[in-house]
Amino acid sequence: MLAQKRNAPFDIRERVFNTRRRVFDTRERVFDTRRRVFDTRERVFDTRRRVFNTRERVFYTRRRVFNTRERVFDIRERVFNTRRRVFDTRERAFDLH
């Protein structure tokens, strides 16, 4: 009984130490979990940004392709109209002879 009383302060200190260690470990796990959540959200954000940038590049590329095809169409139309005017002019010249 006397030995138990003598060890009582040590037991209390040990329990306090173990409780503090458990609190520290719990806080560390909470911190690690929050860091993993943050890292995951950051990766999700980066992925969404890359997807957005890729879609934007695809959109602008398609628009450039469309504009280029439109310009090609306009050039071919002008060439066609010029050839028709040349043909009509030659036909009128032929009819005048």
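Plus 463 on top of the position in the sequence shown (first one is 1) and you've got my numbering.
Idealized CB from N, CA, C, for every residue including glycine.
This structure is a prediction, so every number in the text was calculated from the model and none was measured.
Cβ-based neighbour list, residue i, same chain, cut-off 8 Å, excluding 5 preceding and 5 following
{"i": "Asn516", "result": "none"}
{"i": "Phe480", "result": "none"}
Neighbourhood of residue i by C-beta, 6 Å cutoff - its chain only, sequence neighbours within 5 removed
{"i": "Arg506", "result": "none"}
Contact set for residue i: own chain, Cβ-Cβ below 7 Å, skip 5 residues either direction
{"i": "Glu519", "result": "none"}
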